[in-house]
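Here is the structure we will look at.
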DNA sequence: AACGATACCTGACTAAAGTCAGACATCATG
DNA sequence: CATGATGTCTGACTTTAGTCAGGTATCGTT
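Residue numbers (the working numbering), protein chains in the order written: chain A, 5 to 294; chain B, 5 to 294.
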């Protein structure tokens, strides 16, 4: 009853029946689940037939038939791929978009219903983020992105907010040496975002300088994704990118109010060095030779 | 990407694929899912055929056939119900128990695997409890139990631990007027536990006295179940039980370190009264006439 | 131009799930 | 003990999902 495994299994049971309920609400639109799934995959922007097949784990014969049935319903159109006439791309027709919107409405209603009956929304959402991150752990994709992209800006915003909470004196970006975006773009550096499904859950910046080293900046992992060794993965990716760019020396600064960060750096072979800049926030400085 | 509904839906996607993975591991035992589900329902103590059918949402014809196939495999035996020969009860044979244990092992392994890959087990489990409670909210059953039962003792233990965390001076049961179990049993009083699936998630005690009133004691709601208005349901149930027992006046004591409790009492028509006992912990006293 | 690889499609099949009407025994009730 | 209700079972059926072996058109490469 109270041991960890029972608790996980209680969660499984609860969630299985909730998932089943959503599936049956989908069936209410008079279309088998397989076809509904394909329609939704297309609606969510997956156009390549092979991509959809792969995503949904379907046999190519089955996929072909489901696509055909959606075409017969007038919901989907397919055409040959521009660069490769063997491949096919699918897109929704006007009717298809309407039908897709109806499925979206069902999903949204279900999600809203779940949230509405709970007076502690934020706690519930945080729990969902945590579990979704844990379940999709091996599917977290580290992607290089522009530091000005929506995803990167979201991560940075969360990062600054967390520093504000954890530093006694708060945190004001404008007082810190906010790295210029172009220093975190190739070929001077790069910016890496960890994406879990559609949600950014971590980031790290590699910032080029003109002083014979590059800096690691803005390492952040969403609270929901902590404990999954994502910080390590991000640092590894940043180091790999640095090597690719021919960088041989890395430095970073951090603050002793973030002990888990310093702990991570030490465990990954960084060594502490004296202060190398005059930023008011950091009080710990590290270096690593590649 | 970041709005609440998207977060819920990301959670849904993550959990759908995890559930699918468990289902396919079940298929690995060479039996269709339907039959496996019936076998597991029986293994978990559901013996009445109609009960299983209802629980799994099966058509009676389908149910009958699945049961037959399990019988043919030698995993299950059925016989007529003692009191009503129309009804049938199913139970596992020796082989059936072995097979059921194999499914249990699969489920446990999956649960352990999930926990193992996460370094913050307790946070993950708390998140699972929270979500399972939210999803099964309408299925929370308030059950009268003996205050010495395993479930009741678990609730009380959690309750004392929480008081210890929330009172500045800590909490020591032996210093408090720990109610005698027989005062919280009919006909003097009762003890009600809120069960979500197999997990106790809240409790309340109604304690009879010889002073012309009864007391509400030990109102507790598991952190994972807060925000679901369970405290209110428990209080309602306790008042109902009091009315049944012919009690016309209720009293309770609480502490101002638990502001949400005082808030609940006030909103349910309790009024503050002067101290009516010498327990060292409470500093707020309430009364309600039924 | 010829080759194997690839992307998708079709036909033929099976397994699983689910539906429905009716049969049968048993029960509660007057 | 007749009657209608209940719980289970059987037979006949449909739908959905999934598999597999070719088949066709196209691609990249030599």
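Just so you know, even glycine gets a beta-carbon here, dropped at the ideal spot from N, CA and C. No experiment lies behind these values; they were computed from the predicted model shown.
Taking C-beta atoms as the reference points, residue 96 of chain B and residue 39 of chain B fail to come closer than 9 Å. Residue 8 of chain A belongs to the set of residues whose beta carbon lies under 9 Å from a beta carbon in chain B.
When DSSP states are grouped into helix, strand and coil, residue 149 of chain A belongs to the coil group.
Close CB contacts of residue 183 of chain A within its chain, under the 6 Å cut and outside five residues either way in sequence, are with 211 and 221 (chain order). When Cβ-Cβ separations below 9 Å define contact, residue 201 of chain B makes contact with chain A. Ranking B/56, B/116, B/50 and B/135 by CA distance to the CA of residue 8 of chain A puts B/116 first.
DSSP places residue 8 of chain A within a helical segment (H, G or I) once states are collapsed to three. Of all residues in the segment 107 to 119 of chain B, only 111, 112, 115, 116, 118 and 119 place a beta-carbon less than 7 Å from a beta-carbon of chain A.
With the rule of 3 Cβ pairs closer than 8 Å, the segment 120 to 139 of chain A counts as touching the segment 133 to 140 of chain B.
In the three-state DSSP reduction, residue 252 of chain A falls in the coil class, being neither helix nor strand. For the pair residue 23 of chain A and residue 51 of chain A, the CB atoms are not nearer than the 9 Å cut-off. For residue 199 of chain A, the enclosing beta strand (DSSP E) stretches over residues 194 to 200. Note: residue 186 of chain A is not bridge-paired with any residue in the DSSP secondary-structure output.
Under DSSP, no beta-bridge partner is assigned to residue 176 of chain B. Taken through DSSP and simplified to helix, strand or coil, residue 283 of chain A comes out as coil. Put simply, of B/279, B/257, B/83 and B/138 the residue whose alpha carbon is nearest the alpha carbon of residue 269 of chain B is B/257.
Going by C-alpha positions, residue 246 of chain B is about 8 Å away from residue 252 of chain B. Within the segment 204 to 259 of chain A, the beta strand (DSSP E) runs of at least 3 residues that lie entirely inside it are, in chain order, 218 to 225 and 253 to 258.
Just measuring C-alpha positions, the residue of B/181, B/292 and B/19 sitting nearest residue 283 of chain B is B/181.
Within chain A, no C-beta atom comes less than 8 Å from the C-beta of residue 60 of chain B; the nearest is roughly 10 Å away. Among the bridge pairs identified by DSSP, residue 52 of chain B is matched with B/93.
With a contact defined as Cβ atoms closer than 8 Å, residue 79 of chain B and residue 100 of chain B qualify at about 4 Å. Secondary structure of residue 275 of chain B (DSSP, three-state): strand.
Taking a cut-off of 8 Å on C-beta distances, the segment 260 to 268 of chain A touches the segment 161 to 181 of chain A, as three or more cross pairs fall below it.
Put simply, the backbone Cα of residue 214 of chain B is about 20 Å away from that of residue 151 of chain B.
Linking residue 202 of chain A to residue 14 of chain B through their CA atoms gives a straight-line distance of about 8 Å.
The distance from the Cβ of residue 119 of chain B to that of residue 12 of chain A is about 6 Å, consistent with a contact at the 8 Å cut-off.
Residues of the segment 135 to 161 of chain B that bring their beta carbon within less than 7 Å of a beta carbon in chain A comprise 135, 136, 138, 139, 140, 141 and 158, in sequence order. The beta carbon of residue 129 of chain A falls within 9 Å of a beta carbon belonging to chain B, placing the residue at that interface.
Setting aside the 5 residues that flank it on each side, residue 197 of chain A is surrounded in the same chain by 147, 149, 155, 156, 159, 204 and 207, each with a C-beta closer than 7 Å to its C-beta; the list follows chain order.
Between residue 42 of chain A and residue 91 of chain A a beta carbon distance of about 16 Å is seen, past the 8 Å cut, so the two are scored as non-contacting. Not one beta carbon of chain B lies nearer than 9 Å to the beta carbon of residue 37 of chain A.
Secondary structure note for residue 42 of chain A: its alpha helix (DSSP H) is the uninterrupted segment 37 to 47.
Scanning its chain for C-beta atoms nearer than 7 Å, with the 5 sequence neighbours on each side dropped, one finds around residue 276 of chain B the residues 288, 289 and 290, in chain order. Against chain A, the beta carbon of residue 22 of chain B has neighbours under 7 Å at 139, listed in chain order. In the displayed model, residue 261 of chain A falls within coil according to three-state DSSP, outside both helix and strand.
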